[in-house]
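For reference, the structure discussed in these notes is given below.
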Amino acid sequence: MKLAYTICTPDTKGKYLAYRGELKEMFASLKGIGYQGVEAFVRDPREMDQDEFCRMLMSYDLELAAVGTGPIVAEDKIFFTSSDEGVRNEAVERTKAAVDFAARLGAQVNIGKLRGNVKQGDQIQAEEWRDQAFKIVCQYAALKNVTITLEPQCRFAIDNLNSTQEALVWVKQQQLSNLFIMMDVFHMNIEDKSQAASFIEAKDYNFHMHFADNNRGVPGTSKIDFVDAVRVLKALGYNRYISMEIDQLPDCYSAAKASFDYVNWLIKEG
17 MKLAYTICTP
27 DTKGKYLAYR
37 GELKEMFASL
47 KGIGYQGVEA
57 FVRDPREMDQ
67 DEFCRMLMSY
77 DLELAAVGTG
87 PIVAEDKIFF
97 TSSDEGVRNE
107 AVERTKAAVD
117 FAARLGAQVN
127 IGKLRGNVKQ
137 GDQIQAEEWR
147 DQAFKIVCQY
157 AALKNVTITL
167 EPQCRFAIDN
177 LNSTQEALVW
187 VKQQQLSNLF
197 IMMDVFHMNI
207 EDKSQAASFI
217 EAKDYNFHMH
227 FADNNRGVPG
237 TSKIDFVDAV
247 RVLKALGYNR
257 YISMEIDQLP
267 DCYSAAKASF
277 DYVNWLIKEG
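Basically my numbering = 1-based index in the sequence shown + 16.
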């Protein structure tokens with residue numbers, strides 16, 4: 017298992033569960049702590065200096081573990097199930113831009129809130145829009161050798177595909193070879209009956225992980241059983257990235273270091 021930390025890219029302006037600062041400062045700090053990669057939260061990669069991002073990332077010998085798309089929704093209110101066709105089309109184009117960015121550095125693209133809600137109007141129509149968008153995006157990503165992951169998120173974040181089990185059924189139904197899931201223990205703690213059972217059920221589809229305690233704090237500071245999580249993931253042979261997606265308290269560096277120290281200890285010694 018490898019450890020990554022979420023970061024805000026220069027095209028974003030909002031406050032997220034991610035490190036914010038100058039790229040050089042963030043990369044230097046995270047590399048110094050011991051992280052092997054970063055997960056980039058993007059709003060519109062077309063507005064970034066991607067060449068500079070790539071050069072700087074490689075200069076610090078870090079990998080791009082994943083591209084997160086949350087800011088697309090949070091800042092510009094763009095999502096797959098919008099009743100506005102123009103917004104739906106732009107959601108797909110933004111996701112394609114994220115795919116292009118991810119392809120440059122061998123990363124995957126995660127879709128959480130970007131899929132949109134489906135129960136606020138014509139549910140059948142909204143589900144069709146959601147599924148069609150995923151099909152278009154996955155087909156485009158396949159040409160770039162990029163994996164797309166669906167993040168099951170709890171009912172307080174979105175109204176569909178909340179649990180690991182619901183996500184697995186849906187992903188299998190889509191029959192898209194580059195569509196997998198990204199498991200977040202914060203959401204699993206709310207929606208899934210058993211953390212360990214979900215890991216086992218999803219072992220062939222789990223492409224990426226988010227760690228945060230149930231209070232969105234540093235792992236190991238509240239109630240989620242990370243000892244068991246790491247133990248089960250080890251037993252299943254999970255060898256991909258775990259990204260920390262947490263409140264940046266008391267500050268970004270302190271949160272990043274405390275998270276790394278605990279989770280890395282679990283991986284090495286737990």
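From the three backbone atoms N, C-alpha and C, an ideal C-beta is built for every residue, glycine too. Since the structure is predicted, the reported quantities are computational estimates derived from the model, not experimental observations.
The alpha helix (DSSP H) enclosing F117, as first and last residue numbers: 101 to 120
Which of helix, strand or coil DSSP assigns to L159: helix
Rounded straight-line distance, which links the Cα of G37 to that of A20: The straight-line gap from Cα to Cα measures roughly 16 Å.
Coil, strand or helix - M204 by DSSP: Here M204 carries a helix assignment [DSSP, helix/strand/coil].
For N194, three-class secondary structure by DSSP: coil
Inter-residue CB distance, S214 and D208 (contact presumed, cutoff 8 Å): 5 Å
C-alpha gap between A113 and T163, whole angstroms: Cα-Cα distance, rounded: 14 Å.
Simplified DSSP state of N178, which is helix, strand or coil: coil
Test: A272 CB closer than 8 Å to a CB of chain D: Absent here is chain D; the protein component of the structure consists of one chain.
Terminal residues of the beta strand (DSSP E) in which A81 lies: Taken as a continuous stretch (DSSP letters only), the beta strand (DSSP E) holding A81 covers 79 to 84.
In DSSP terms, what E55 is bridged to: T22, A82
Meets three-Cβ-pair contact criterion under 8 Å: the stretch 55 to 63 and the stretch 80 to 89: yes
Test item: CB-CB of G132 and F96 under 8 Å: yes
Delimiting residues of the beta strand (DSSP E) encompassing F223: Start and end: 222 to 227.
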